[in-house]
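K.L.:
Using the numbering used here, read the sequence shown as starting at 44 and increasing by one per residue. A virtual CB, placed ideally from N, CA and C, is assigned to each residue, including glycine. Predicted model, so just to flag it, every value in this text is computed and none were measured. Shown below is the structure under consideration.
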Amino acid sequence: MRLAIYSTLLSLVTAQQNIQDPIENFCRRHQHQTCVIDSKLYIDGGLVYYGGGVTDENIPQKNTWLISEDLTDLSTGFPPQNSNLTKGSEVPSVSGGVLWPDQTNKLFYLFGGEYNNASAQDFTALWFYDTIYNTWNRSLPDGSQSQVSWPSFGAGTVDDEGVAYYYGGYLNNKTVSGWEGDALMLNSLLSYNMDDKRWSNITSGVPPRAEGTLHYIPASDRGMLVHIGGVERLSNGHDSYVNMSQIHLHDIASSTWYTQTATGDIPQPRRAFCAGVTWAADHSSYNIYVWGGIGSDETALGDVYILSLPSFKWISWYPDPQMSTFPNGKGWSSCNVISESQMVIIGGYYTNVSKTDCDVYKTGGQHGLLLGEESTEQNNQWHGLMANISSYRVPKVITAVVGGGINGSATATAPAAGWTTSDLSIYFRTSYSATSRTAMRFIPESSAAPTSGNQHSARPSHTNVGAIAGGVVGGVAGLVGVIVLVICCLRSRRRKRNQNSTQPPYQHNPSMTEKPGVGVSVSQGTTMHSPSVLTPTYSPQGSPIPPSDHHVSSTYYQGSPLQNQHSEADWIQQSRQVYANGQVPVQYANQQTYYPPPPDPSQSSSGHNPPTTTVELPGIRSPANAELSDMSSPVPFRGV
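Okay, structure coming up:
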């Protein structure tokens, strides 16, 4: 009987330990997707490490939570993260997708991404989240969607007219139901009109590409899309890292692709990086800030470059002087520009296996980059988010190259080597101001997503960690009380029957006493450290530098993260050589580096089984019909 009781108690305690709180137990995240609507930042999907560090036994788990941040709450430098928003198991939880924000209707759409430990689902409707009513819904299917597949690790953005774009990416057996054969790299530019719910698919004029970034700028008659970096399929069938001097632009009005050569401090080729764009008040310069990524040697990078348009000048910003190896570099982070002047960099994957500590777990892996002149005034581009910045002032590091001042007036308004086509010179002479969109439904005066005063309050469709933990503790206490009562009754009867017995009362065996929990101490020191001992404290390069920072070449992963933990059945990829800008060939395809195939969480030895995902209608729909026209909203703006 006692053995059964102890087994029951042990199973209850073990069940409690296996419950991972997405905030309290957070260690690292990567391959997630993010967006900002009004003053809220949302984090969806991706892979998360839990616990006090990263070990061989600790593999990343699929993130099934929708995390949010209130960007107005900067009392500690970074906004606290909350896990109290709805996300049912029927909503896909993917890696390498995009969130398309609809600033006018206060929605965001989830598109693309790799299903981690679940079978790929048929793409029949687009899931969207209602930030006002805290519900997930599915858009009504449209005939134009029949030409659209569900890709992963492409590049996405949204323009000021409410049209979302997605360029390139991959199709494979983790994105398309019933897919057989090799992964396919795409050259399609998909667009989704959030007002009329119609799709279009443009496949001409560009080669297949993946793992770069796509940005909208308000230049030309209706805006332009700028694509940089990643990998591409060459005409000879080989795959190559894209030369970062070759900037690809899509003019929306003419639906035409162009390529322009950039000069300056050309970054080394990379994929799986993140970037954000902002521009001068007079639109005389559009500046794209690039962070990290995976280099052509398959190790992570930890640098920051700025691409300034229309001068098409690359500027090396961090570190100074430049480095070629980054023991603390990261790939698959997210970048979000807020208030036009700061960038929140969240998470990222360390290819350096000697990095075992968590990524500033107290802030959820957040890092701050000052984009404007504040970086000069603070003498530090890495900084906690600042509440008193509301606009972008062009920093000296840019004006020293393109001319002008903090408000714009750039004098370098054309590439030094000239335009590849006269069309581009005309497009960049014009800036575009979109007409105010009309909301398709009623928008309350207070349009912020509902929040709870408690970061870990109950969610209707997710395990309430606090409640379960309390229930487990209460259940254990109650069970122990019953056990003690039964034992006391048995002893009382035994004493009455055996008055002359000399056997001493039952003594609790010291070897069976509860041992104190073993705490894991993670040294954080200052909030962050970078490769150089002189670098600032909010850099995303991770926690304290390993002692052997400059002698760790043998500790890098050569290839995609954790690829050795994948079974051969997970991926079937064609064997090809990949050339990085004509240099020594890298075994890119053989190393499964089309994009990062993360380990299937169901393979974890811990036995943790995240909820399976299916695609069907959620149980709750928004009270307001998102397709009913009701009122006008101002022109969308970037960030807070």
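Taking Cβ to Cβ, would you say Cys378 is nearer than 8 Å to Gly319?
P.N.:
Yes; because the gap between Cβ atoms is below 8 Å, this pair is in contact.
K.L.:
If contacts are defined as beta-carbon pairs under 8 Å, then Gly156 and Ser126 qualify, I think. What distance do you get, rounded to the angstrom?
P.N.:
Contact doesn't hold; Cβ gap of about 20 Å is too wide.
K.L.:
I need the DSSP call for Leu467, collapsed to helix, strand or coil.
P.N.:
Of the three classes helix, strand and coil, the one that applies to Leu467 here is helix, per DSSP.
K.L.:
In this structure, what does DSSP give as the bridge partners for Ser138?
P.N.:
Answer is Glu157, bridged to Ser138.
K.L.:
Can you tell me whether Tyr404 is helix, strand or coil according to DSSP?
P.N.:
Three-state DSSP puts Tyr404 in a helix.
K.L.:
Taking the beta carbon of Gln63 as the centre, do at least 16 other beta carbons fall within 10 Å, making it buried, or is it exposed?
P.N.:
Its Cβ being crowded by 16 or more others within 10 Å, Gln63 is buried.
K.L.:
Can you tell me whether Val444 is helix, strand or coil according to DSSP?
P.N.:
Reduced to three states, the DSSP call for Val444 is helix.
K.L.:
Count the C-beta pairs between the segment 103-111 and the segment 80-92 that are closer than 8 Å, then say yes if the count reaches three, no if not.
P.N.:
Segments in contact, yes.
K.L.:
Which residues does DSSP pair with Met386 in a beta bridge?
P.N.:
Note: Met386 sits in a beta bridge opposite Val380 and Leu412.
K.L.:
Would DSSP call Arg537 helix, strand or coil?
P.N.:
Note that Arg537 scores a pLDDT of 42, beneath 50, so its modelled location is shaky; the value from the coordinates is reported in the next line. Arg537: helix per DSSP, three-state reduction.
K.L.:
Measure from the alpha carbon of Tyr470 to the alpha carbon of each residue in Thr299, Thr256, Ala253 and Phe151, then state which is nearest.
P.N.:
Closest option to Tyr470, Cα to Cα, is Thr299.
K.L.:
Which residue comes first and which comes last in the alpha helix (DSSP H) that contains Thr419?
P.N.:
Glu417 to Glu420 is the extent of the alpha helix (DSSP H) around Thr419.
K.L.:
Would Phe369 be called buried (16 or more neighbouring beta carbons within 10 Å of its own) or exposed?
P.N.:
Per the 10 Å Cβ criterion, buried.
K.L.:
Which residue's Cα is closest to the Cα of Gly221: Ala163, Ser132 and Gly461?
P.N.:
Gly221 has its Cα closest to that of Ala163, out of Ala163, Ser132 and Gly461.
K.L.:
Keeping to the same chain, check which residues put their C-beta closer than 8 Å to that of Gly451; ignore five residues upstream and five downstream.
P.N.:
So the list reads Ala323, Ala324, Asp325, His326, Ser327, Ser328 and Val437, once near-sequence residues are dropped.
K.L.:
Would Tyr208 and Thr464 qualify as a contact pair, given that the criterion is a beta-carbon distance under 8 Å?
P.N.:
In this structure, Thr464 does not lie closer than 8 Å to Tyr208 by Cβ.
K.L.:
Return the CA-CA distance between Gly211 and Ser263, expressed in angstroms with no decimal places.
P.N.:
Distance between the alpha carbons of Gly211 and Ser263 is about 23 Å.
K.L.:
What residues match up with Thr77 in a beta bridge as DSSP calls it?
P.N.:
In the DSSP output, where bridge partners are listed per residue, Thr77 has Ile86.
K.L.:
Could you check what DSSP says for Gln351 in three-state terms: helix, strand or coil?
P.N.:
According to the sequence shown, residue 351 is Ser rather than Gln. Of the three classes helix, strand and coil, the one that applies to Ser351 here is strand, per DSSP.
K.L.:
Cα separation between Gly186 and Leu229?
P.N.:
Roughly 21 Å separates the two Cα atoms.
K.L.:
Please go through the segment 141-196 and give each complete beta strand (DSSP E) segment of 3 or more residues, from N-terminal end onward.
P.N.:
Here the runs fully enclosed are 141-145, 150-154, 170-173 and 178-181.
K.L.:
If you run the structure through DSSP and keep just helix, strand and coil, what is Lys130?
P.N.:
In this structure, Lys130 counts as coil in the three-state DSSP scheme.
K.L.:
Considering only residues of the same chain and omitting the five flanking positions on each side of Cys78, which have a CB-CB separation below 6 Å?
P.N.:
Cβ within range, chain order: Tyr85, Leu142, Pro144 and Phe151.
K.L.:
Determine the closest residue to Ala315 out of His75, Tyr172, Glu204 and Pro261, with distance taken between C-alpha atoms.
P.N.:
It is His75 whose Cα lies nearest to the Cα of Ala315.
K.L.:
How should Ser591 be labelled, buried or exposed, when 16 other C-beta atoms within 10 angstroms of its C-beta is the threshold for buried?
P.N.:
Per-residue confidence for Ser591 stands at a pLDDT of 31, beneath the threshold of 50, marking its modelled position as unreliable; no derived number is given.
K.L.:
Going by DSSP, what residue range makes up the beta strand (DSSP E) through Ser359?
P.N.:
Its beta strand (DSSP E) spans residues Lys356 to Tyr361.
K.L.:
Over the uninterrupted beta strand (DSSP E) stretch that includes Gln303, give me the two end residues.
P.N.:
First-last of the beta strand (DSSP E) with Gln303: Thr299 to Thr304.
K.L.:
From what residue to what residue does the beta strand (DSSP E) around Arg276 run?
P.N.:
It spans Val274 to Arg276 - the beta strand (DSSP E) in which Arg276 sits, taken as one unbroken run.
K.L.:
List the endpoints of the continuous beta strand (DSSP E) containing Trp242.
P.N.:
Element bounds for Trp242: Trp242 to Ile245.
K.L.:
Taking buried to mean at least 16 other C-beta atoms within 10 Å of its own C-beta, is Gly199 buried or exposed?
P.N.:
Per the 10 Å Cβ criterion, buried.
K.L.:
In whole angstroms, give me the CA-to-CA distance for Asp294 and Leu183.
P.N.:
Between Asp294 and Leu183, the C-alpha separation is close to 29 Å.
K.L.:
Which of helix, strand or coil does DSSP assign to Lys105?
P.N.:
Here Lys105 sits in strand by DSSP.
K.L.:
Just the Cα atoms here: how many angstroms apart are Ser82 and Asp238?
P.N.:
When rounded, the distance between both Cα atoms is 23 Å.
K.L.:
Around the C-beta of Gln188, are 16 or more other C-beta atoms found within 10 angstroms, so that it is buried, or is it exposed?
P.N.:
With 16 or more other Cβ atoms within 10 Å, it is buried.
K.L.:
Can you tell me the Cβ-Cβ gap for Tyr332 and Ile349, rounded? I've got them flagged as a contact below 8 Å.
P.N.:
About 6 Å separates the two Cβ atoms, so the contact holds.
K.L.:
For a quick check, are the C-beta atoms of Ile181 and Trp170 less than 8 Å apart?
P.N.:
The displayed chain sequence assigns Arg, not Ile, to residue 181. Yes, they are a contact pair.
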